[in-house]
Structures are given as structure tokens and as C-alpha cells.
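Notes for the one structure printed next.
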Amino acid sequence: MIIIALGAPGAGKGTQAKVISENHGIPHISTGDIFRANIKNQTELGMKAKAYMDQGLLVPDELVVDLLVDRIKQADCVKGYLLDGFPRTIPQAEALDRALNNRGDKVEYAINIDVPDEFIVTRMGGRRACVTCGATYHVEFSPTKVEGICDKCQGSLIVRDDDKPETVMKRLEIYHEQTQPLIDYYAAQGALYTVDGTKDIADVTAQIEAVLSK
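When you number the sequence shown by the working numbering, it's gap-free, plus one each residue, and the end is 228.
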């Protein structure tokens with residue numbers, strides 16, 4: 015079972031990815047986690063990626079795919095895996111397809127969590143992050159016991175720059191320009207499934223599980 019989570023920033027991909035990963039006993043894989051693990055362990059691929067990152071450059075697609083393939087060779091991926099945050103562009107999707115084809119695999123489910131832009135701006139504006147431990151909350155969906163205070167370490171909560179409306183709108187523009195074409199790409203492959211991401215977390219999970227049971 016090879017799953018890709020699609021959707022705009024703030025659509026809830028990360029939340030659903032964790033739930034689906036737990037429900038099906040497959041790893042939730044993000045490129046950020048892969049980068050951090052390889053750099054921490056000073057692997058050959060990790061050092062190559064770090065060289066680009068240290069110069070403020072994007073890591074080339076082929077190197078990202080090499081890192082990803084190295085990750086999916088691990089034992090916990092035998093039953094499948096869920097990719098979160100990759101691919102982001104058509105060239106990345108094509109590079110991933112080539113790598114999977116070489117392994118006799120393919121993307122089976124590209125699950126698009128569909129949420130209108132205005133809904134996302136409102137949702138992300140309610141996010142709060144602890145300045146001390148980094149824990150995240152939401153004023154509506156997962157509030158702290160005491161307003162403005164972290165439940166875990168009693169640190170102060172802030173609105174991160176990434177969650178401010180002007181930043182969110184810019185991120186959405188980039189998403190629509192670069193990533194949304196993936197919807198057509200996977201639709202053409204017959205792998206696209208769209209769910210309504212405006213529903214509550216349990217409802218969205220139920221929609222995704224209905225897709226995965228097909």
C-alpha cells in the first residue's frame with residue numbers, strides 16, 4: 015500500500031497521515047524527517063543534501079528521491095508507507111515514478127484533502143506554538159487548558175510567522191502554482207481520490223479509510 019497525501023498547507027495532511035499510519039501499521043514518511051535523520055547520522059546521501067542546504071539551495075529532485083528510496087528499503091516499509099510532503103511538483107512525481115517502477119512498485123492512492131483557501135487561512139490563524147518546547151495547539155480544535163500557556167511546559171504561546179494570514183496566502187499561491195498540477199497528474203493515472211477536508215478530523219479519516227478499502 016503506497017499512499018501519497020496531497021493538499022494545501024493547513025489542509026490537515028500531517029494529522030491524517032499520522033492516523034492512517036497507525037491504523038494500517040505503515041510508516042508516515044516526510045522528506046524533512048529523512049533529511050534530518052541522514053544529516054544527523056552523517057550518511058553519504060545526507061552529507062550531499064547538507065551541502066546544498068548549507069548554501070541555501072534546493073536539494074535536487076534526484077537526490078531527494080535517492081534519499082526516499084533508501085528509506086523505503088527499510089523493514090518497516092514492507093507493508094507499504096505513506097508519503098507526506100513529497101512529491102510537490104510534476105518533475106518530482108515523475109522522478110518518484112521512475113524509482114518506484116524500478117522496484118516494481120507504483121503509487122496506489124494519491125489522496126487529495128480538499129479545503130478552500132479561505133477556510134485554511136482561518137484555520138491556520140488559530141494555530142499557536144509554544145516558544146519553549148515547540149508544542150502546537152489550536153484555539154478552536156485543540157486549545158490549551160489555560161489560554162496562552164503550554165500544557166506541557168507552561169511556556170508562552172505565539173502565532174508563528176508561517177501561520178499569519180499574509181504568509182498563508184503566499185504559501186497557498188505557491189501551492190496552486192507548483193503542487194496543484196499533481197492532482198491532474200495522479201487523476202490521469204487513476205490513482206487520485208479526493209476527500210472533503212472541511213469536516214472534522216474523524217470524518218475526514220472515515221472518508222480516507224473508505225477509499226483505502228476499495
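All C-beta atoms, glycine included, are put in the ideal place defined by N, C-alpha and C.
| Item | Value |
| --- | --- |
| Within 10 angstroms of the Cβ of Met4, are there 16 or more other Cβ atoms? Answer buried if so, exposed if not. | Outside the modelled stretch of the chain, which goes from 15 to 228, sits residue 4, for which no answer is possible. |
| Return the residue from the list Ile172, Glu76, Ile197 that minimises the CA-CA distance to Cys147. | Ile172 |
| Check whether the Cβ atoms of Tyr95 and Ile17 sit closer than 9 Å, and answer yes or no. | yes |
| Output the boundary residues of the beta strand (DSSP E) element that contains Leu20. | 16-20 |
| Buried or exposed: Tyr46, going by 16 or more other Cβ atoms within 10 Å of its Cβ? | In the sequence on display, residue 46 carries Gly and not Tyr. It is exposed - the Cβ of Gly46 has fewer than 16 other Cβ atoms within 10 Å. |
| Figure out for me which residue from Leu81, Lys32, Arg141, Tyr151 has the closest Cα to the Cα of Ile51. | The question names Ile, but residue 51 in the sequence shown is Ala. Checked all of Leu81, Lys32, Arg141, Tyr151; the closest Cα to Ala51 is Leu81. |
| Per DSSP, which one or two residues make a beta bridge with His38? | Bridge partners of His38: none, in fact. |
| Taking DSSP as the reference, what is the three-state secondary structure of Arg50? | helix |
| What beta strand (DSSP E) runs, 3 residues minimum, are completely inside the stretch 51-133? | 95-98, 123-128 |
| If you measure between the beta carbons of His42 and Lys54, is that distance less than 9 Å? | no |
| How many Å lie between Val182 and Val135 at the Cα? | 6 Å |
| Between which residues of its own chain and Arg102 is the CB-CB distance below 7 Å, once the five residues before and five after are set aside? | Gln192, Thr193 |
| Within this structure, are the beta carbons of Leu206 and Ala22 separated by less than 9 Å? | no |
| Taking the alpha carbon of Gly26 as the reference point, which residue from Asp84, Gly70, Pro130, Glu76 has its own alpha carbon closest? | Pro130 |
| Ignoring anything shorter than 4 residues or poking outside the stretch 169-216, list the alpha helix (DSSP H) runs there in chain order. | 179-188, 195-202 |
| Per DSSP, which residues does Ser44 bridge with? Please list them. | Asp98 |
| Please report the residue range of the beta strand (DSSP E) in which Gln150 lies. | The residue you asked about is not Gln; residue 150 is Thr in the sequence shown. Start and end: 150-152. |
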